Amino acid sequence: MLKNLCRHVSKDYYPSLELRRSITNKSDNKWTSVVGLEVHAQINTVSKLFSGAPTNFSSPVNTNVSFFDCSIPGTLPVLNEKCVEYGVLTALALNCRVNPVSTFDRKHYFYADIPSGYQITQQRHPLANDGKLEFQVFTPGFHKTPYRTQVRIKQLQLEQDSGKTLHDVDRSLVDLNRAGVPLMELVFEPDLKDGEEAAALLKELITILQRIGTCSCKMEEGALRVDANVSVHKKGDPLGVRTETKNIGSVRGVAGAIRYEIDRQIKIKESGGEIENETRAWDAVNKTTVAMRDKERQQDYRYMPEPNLPPLHLAMGPVEHGCVNVDDLRKSLPELPEETRSRLRDDFGLNLEQSIILVNEKSFLELFEGACRSRKLQGKLLANLLINEYTNVLHKMDLEPSQVTFDSEYFGEIVELVQTGQISRNIAKLVLDEIIHGNHKNPLQIIKENNWMQITDENELIKLCQNVIEENEKIVTQYKSGKTKVFKALLGLVATKSKQRANMAKCDRILKELLSK
Amino acid sequence: MDKLLSANIKTVFQFLIDGRITVSELISNTLEKAHRLKKYNAFITLTENEAQQRAQQSTQRYKIKKPLSELDGIPIAIKDNFCTSNIKTTCASRMLSNFIPTYNATVYERLITAGAILIGKTNLDQFAMGSGTVDSVSGPAKNHWMYNENNDNFYISGGSSGGSAISVATGTCFAAIGSDTGGSTRNPASYCGLVGLKPTYGLVSRYGLIPLVNSMDVPGILTRTVDDCVVVLNCVAGFDPKDSTSLTKPYRKIRLPSVNKLSIKNLKVGIPNEYHCEHLDEEVLDVWNEVAKLLECNGAKIQQVSMPHTEYSIVCYSILNQCEVASNMARYDGIEYGFRAKEDASTEKLFATSRSLGFNEVVRNRILTGNYFLLTRNYDKYFNQALRVRRLIVQDFDEVWENVQLLLTPTTLTTAPLYEDFVQKTNRDQCALQDYCTQPANMAGIPAVTLPIKLSSKGMPISLQIMGKNLSEPMLLALAKYIENAVQFKHCTEI
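In order, the protein sequence lines correspond to chains A and B. Residue numbers for the first sequence follow UniProt numbering, so the first one is 1 and each next one is one higher. Residue numbers for the second sequence follow UniProt numbering, so the first one is 1 and each next one is one higher.
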């Protein structure tokens, strides 16, 4: 009885969770932003979703067009099996529930670049639902340390792309090459809080899609297009009115557009204005979002089941007959980025940041794995050389990692030389620089020819240190009078004097010994 | 020669094999007759050059005794809503009056591969929306039965495949392809005294058929005899990878036994009560009863059955039809092909004017209502409701098949009406009345065949319809052949 009473009292005494939240919010007047993405990813097939026409990006205008693609009367859609396979693979990689039966719908609107007057999509019963993706958010320079977050995927649907209308001075021209190109539309739940999370999600998505090969993710070709839904509200209040920023064409663009949109909305709200539910476009040059013409406003698409396509059945579990076999596809999935990151940490002792950077940069990961294949290397050292020295050299030459093909054998050799103390990391950088500049010789040869081998001989190093002490009486006096900070300067002079060849660990010790005499 | 044009395909094939006539002779006679009978307005386009060329090739094949099939050299006609490469395909609409496809519909492709010779594209209601072949930019098709040249009035051919029906009924060709969405093949077949088959949905490819209602459209076959119908069906039926709704099960050619070997003993035939509706003509009812009795006397088991949702079929059909029409017609915008209005104020204005001028009122009305039904706020109330009713109708059939093998019903409630009476009612009302008995088969996707029984007191054909379960064409056509032999309907081709 007493127990019951206690429980009763305590319940009344402490405000419920909801209430507590709203109480704290009164003092906490900060804005919360809510971000959701919709991604259109072009499925990486050679032919279109419902016709045999090719999907080449660079074909001359209106040459990738079958009768069906230009909606010649009497033509019918025939589903491209490869698109289903790639859609299912993607759904599996994003931990979605793949639906054993999905259907196609017609979404109607009149545009000159939608020749049939409708787009075939999967509105009501999509290929897959309810996915979940965990990813790391880490923008060096923006975040101090990485953090892990997750986003839910509402649905993944197959659909046709539209053609392109080109507006001339006094006329409009239509190119149907893109009409009917297969797309996966990925609808993410609004689980993100800012542009950096959106960019990180996108980066993760690109890495996944490229790894499973279902989308080229070439944003410059429009193979991956992003719409961002953004709203802001105060904690405890209901969600704010959202805007949709369409067709953002780069990962950084997504971060920029969302940041701009959040700031814009907060400014409007703070000055007492209202946010309009509208479609906006990202102006990548001026780094702003602008409202799009009225035509994009809410319209009734008059969805209707596509009568020319029977329901799409997939083989899974006990069902053996279907367009593709989901269980077989699941088995064929390669290692996914999150798995790679933990493997890099577990097997090679990398830290979280290193694993993130390596997985984000495909060429780094390839160099890393290539170098490890034939040598026993310290993972951390290897990663550091990639992330610091190698990146540094590329940066100086204004090169992107993807533009350079570096022999992983050579890279491994350089790391091994550092690891065994034969060269210093500074020398390693010089060797990398030589090779990237076109020196075809192997690292050891380059090092020998340049006389870059590290000096490890004890006597030689003692001599070197003694010379430095003799030549810099002033600093030595400072040191001896208690200003131990200057030790670093002396050590630096030793390095310079040896032309970066001295083994600095040894010099550190020797110099200290000599100075304490 | 006229006698030969009135014969069946088997006979003509024998004549050609025996060399008693050449294909070239046959075709030039056919074309001559087509010209002579232009007053019936069966054809929108006569494909004379095409036909003569193919006739020469066919003649050569017979010369070396290597005809492609029993259809080699046989003149046929095709409704003008099937795409034919290099031949105008208009759908009897201004919208497609200049449309020349660059590909062949599968049905046509299979027929010419078998050697059949196309003599023309036949008249129809605009985009097959109608049941009279009166709403055509080429003018109405006229029924040749009881035709009086000195009178402006005439009996309608029925529709929408009226032109196809007239071309076969007058003996201008041996078979014609129509399309059947709510009865468009069976209705004119009934009014013109022909065998008209609506095959099981998916048995014959729709590729190249300009759609009306995709989920119900089937290519139909019009012939004077059941045997001819089987020959054509055997040629066109079977899986087509270009049509995702076509049935993948391999098609087995139908071979009907000769008449003396046909037996209907213990065949269970149902008479659905609901088809006896208030607008049913007395004479049609009598014929229905006579044939039922005839079957019973010859050993069939006749039983009354109930299909309670029949009366809702028409309104349900009307909604589904208009929704799909609204969607299917969206492609006609004057951009890629077809009629383009002289309008350059804006793209939207160009769309609007081209569509307003290109379509007739019937089409425009259906588009408008269809779009209304598809609005998000109406979708459940109309479209989804119609789908539910459709399932009930299908269920009616499924339940009936537990007790009977086939159903015997009228095809049309009356004989062909006079043009002046017909146009008193709107297209919508006419379709509701005309399609009453034929339309449920399209809802359920099942096969149905109509065949002429006798002439009415006014001298117009009265026909009956047989329906069966999916893919029951062999049984369906066997019963049709049995009745055909028993009633010995006299065609009127020698004109």
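The beta-carbon is built from N, C-alpha and C at its ideal position, and this holds for glycine as well. Computed from a predicted structure; not experimentally measured.
The Cβ of Glu-336/B sits closer than 8 Å to at least one Cβ of chain A. When DSSP reads this structure, Trp-282/A sits in a beta bridge with Thr-289/A.
A straight line joining the alpha-carbon of Ala-128/A with that of Asn-234/B spans about 41 Å. For Ile-120/A against Phe-104/A, the beta-carbon gap comes to about 5 Å, under 8 Å, which counts as contact. Membership of Phe-154/B in any beta strand (DSSP E) is not indicated, and neither H nor E is assigned to it by DSSP.
The beta carbon of Ile-210/B falls within 8 Å of a beta carbon belonging to chain A, placing the residue at that interface.
Leaving aside the five residues that flank Ala-198/A on each side, the residues in its chain whose CB is nearer than 7 Å to its CB run, in chain order, Val-35, Leu-37, Leu-192, Ala-228, Val-254, Ala-255, Ile-258. At least one beta carbon of chain B lies nearer than 8 Å to the beta carbon of Pro-310/A.
Across the structure, Asp-433/A and Asn-64/A are spaced so that their CA atoms are roughly 45 Å apart.
The shortest CA-to-CA distance from Ser-164/B to any of Lys-3/B, Arg-224/B, Phe-154/B, Thr-347/B is the one to Arg-224/B.
Taking the C-beta atoms as reference points, Leu-350/A is found nearer than 8 Å to Lys-380/A.
With respect to the 8 Å criterion, Gln-378/A and Gln-419/A are classified as neighbours on the basis of their beta carbons. Rounded to the nearest whole angstrom, the C-alpha separation of Ser-161/B and Phe-43/B is 11 Å.
When DSSP reads this structure, Trp-31/A sits in a beta bridge with Lys-234/A.
For Gly-195/A, the secondary structure class from DSSP, reduced to helix, strand or coil, is helix. Rounded to whole angstroms, the Cβ separation of Gln-439/B and Ser-313/B is 5 Å, and the two are in contact under 8 Å.
If you ignore the 5 residues before and after Ile-356/A, its C-beta comes within less than 6 Å of the C-beta of Gln-136, Phe-138, Pro-146, all in its own chain and listed in chain order. DSSP places Ser-24/B in the helix class (H, G or I) of the three-state scheme.
The three-state secondary structure of Met-467/B, taken from DSSP, is strand. Residues of chain A whose Cβ lies closer than 7 Å to the Cβ of Pro-75/B do not exist, since the nearest Cβ in that chain is about 23 Å away.
For Pro-188/B, the enclosing alpha helix (DSSP H) starts and ends at 186-192. By alpha-carbon distance to Ser-47/A, the top candidate from His-40/A, Val-39/A, Phe-68/A is Phe-68/A. Here Lys-203/A is buried: its Cβ has 16 or more other Cβ atoms, across all protein chains shown, within 10 Å. For the stretch 244-268 of chain B, the beta-carbon criterion of a distance under 8 Å to any beta-carbon of chain A is satisfied by Ser-244, Thr-245. The stretch 371-380 of chain B makes contact with the stretch 320-330 of chain B; the number of CB pairs closer than 8 Å reaches 3 or more.
Within the stretch 104-124 of chain A, Arg-106, His-108, Phe-110, Ala-112, Pro-115, Ser-116, Gly-117, Tyr-118 place their CB atoms closer than 7 Å to a CB of chain B, listed in sequence order.
Around the beta carbon of Lys-481/B, 16 or more other beta carbons sit within 10 angstroms, so the residue counts as buried.
Annotation: Ser-355/A is outside any beta strand (DSSP E); the continuous alpha helix (DSSP H) that includes it extends over 352-360. The C-beta distance from Phe-339/B to Arg-110/B rounds to 30 Å, too long to meet the 8 Å contact threshold.
Contact residues of the stretch 439-459 of chain B toward chain A are absent (C-beta to C-beta distance below 7 Å). Under the DSSP assignment, Tyr-147/B falls outside any alpha helix (DSSP H); it carries neither an H nor an E label. Under the three-state reduction of DSSP output, Gln-122/A falls in the coil class, being neither helix nor strand.
Between Lys-107/A and the set Pro-73/A, Ser-116/A, Thr-207/A, Val-101/A, the nearest pair of CA atoms involves Ser-116/A. A Cβ-Cβ distance of about 5 Å is found for the pair Phe-174/B and Ile-9/B, placing them in contact under the 8 Å criterion. Scanning Lys-474/A, Gly-322/A, Ala-495/A for the CA closest to the CA of Val-486/A turns up Lys-474/A.
Between the C-alpha atoms of Tyr-191/B and Leu-451/B there is a straight-line separation of about 10 Å.
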